[in-house]
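A short write-up of the structure that comes next.
In UniProt numbering, the protein residues as written are 1 to 326.
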């Protein structure tokens with residue numbers, strides 16, 4: 001069961017669309033436009049495509065007066081699955097995956113999928129994705145090239161034939177991380193196969209407030225609030241020469257200089273990871289090589305480092321290190 005699936009309530013005649021998954025195995029189902037019910041998952045049955053197609057009333061061109069329908073039929077037909085856009089990576093073997101874009105909503109989607117860095121993107125897929133359908137990227141992806149996939153950007157317009165309420169363009173940017181990618185394996189809608197599945201139009205669950213816990217916290221003595229620290233995106237190239245870091249370097253000994261340089265490196269590097277940068281260059285100079293050695297010790301085996309190497313030898317010689325972030 002996925003967002004956008006059409007479901008039937010087992011103990012009643014109502015049908016609707018899955019809109020959210022709540023806590024305690026409860027599913028939110030939209031029975032008619034704007035009217036949503038929380039229902040236990042075990043009380044729902046997914047309506048199969050074959051059943052939906054077989055029992056869907058066909059339009060009759062010659063009829064000028066629409067036949068009367070029951071309230072349950074009217075409610076079901078008015079419900080539109082607004083969400084259900086997925087990226088699915090279907091494992092072919094232990095090395096290759098195939099990429100699918102799945103549209104489990106009732107909207108037709110003119111779309112584009114690109115990848116790349118902040119300024120330059122490369123087109124992967126684009127076209128018209130019908131409601132309740134999927135499209136496959138023609139080339140299988142090698143998992144060893146995972147870090148080269150870069151940032152993915154998906155854009156789509158919402159379209160239906162005839163009259164509908166205009167919706168803003170949907171844009172989703174994301175970067176897949178190796179340390180979480182393999183935790184997303186589940187059955188993909190429409191494909192009905194186990195994939196590494198990512199919902200692009202997922203909605204964050206609202207904060208659930210427990211009145212008892214809230215009252216208890218209000219009775220606790222107030223503590224000084226610490227403002228949240230914002231992470232500033234560093235420049236793509238950081239110069240660690242001591243004269244670039246402080247004006248008091250003449251009064252510092254070698255150990256103090258090295259400590260300041262390493263602390264600056266660690267701060268800028270962690271900020272680069274936190275802000276989603278693809279890579280960063282640190283200029284450390286040649287000197288006696290101690291700073292370079294200390295930096296490379298910290299990079300070796302780091303979970304967010306794909307690789308590192310001497311950067312632009314023609315410009316920096318061996319006095320800079322380029323780091324590829326994963």
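Ideal Cβ positions, reconstructed from N, Cα and C, are used throughout, including at glycine.
DSSP places residue 259 inside the alpha helix (DSSP H), whose first and last residues are 254 to 274.
The region 115 to 125 makes no contact with the region 174 to 183: fewer than 3 CB pairs, one atom from each, lie closer than 8 Å. The Cβ atoms of residue 8 and residue 26 lie no closer than 9 Å to each other. Note on geometry: alpha-carbon atoms of residue 283 and residue 274 lie some 21 Å from one another.
Taking C-beta atoms under 8 Å as the contact rule, residue 267 and residue 292 fail to qualify, at a distance of about 18 Å. Within its own chain, the residues whose Cβ lies closer than 6 Å to the Cβ of residue 10, once the five positions on either side in sequence are excluded, are 43, 45, listed in chain order. A check of alpha carbon separations from residue 23 across 156, 185, 39 identifies 39 as the nearest.
Separation of residue 255 and residue 264 (C-alpha to C-alpha, rounded to the nearest whole angstrom) is 14 Å.
As DSSP reads the structure, residue 133 sits in a beta bridge with 103.
Between the alpha carbons of residue 244 and residue 277 lies a distance of about 22 Å. Around the CB of residue 234, 16 or more other CB atoms lie within 10 Å, so the residue is classed as buried.
Under DSSP, residue 109 forms a beta bridge with 129. Classified as exposed, residue 270 has fewer than 16 neighbouring CB atoms from the shown chains inside 10 Å of its CB. Non-local C-beta neighbours of residue 106 in its own chain, meaning closer than 6 Å and more than five positions away in sequence, comprise 80, 81, 131, ordered along the chain.
The C-beta of residue 30 has 16 or more other C-beta atoms within 10 Å across all chains shown, which makes the residue buried.
Check the Cα spacing between residue 239 and each of 101, 311, 98: the tightest is with 311. In the structure shown, residue 251 falls within a helical segment according to DSSP collapsed to helix, strand and coil.
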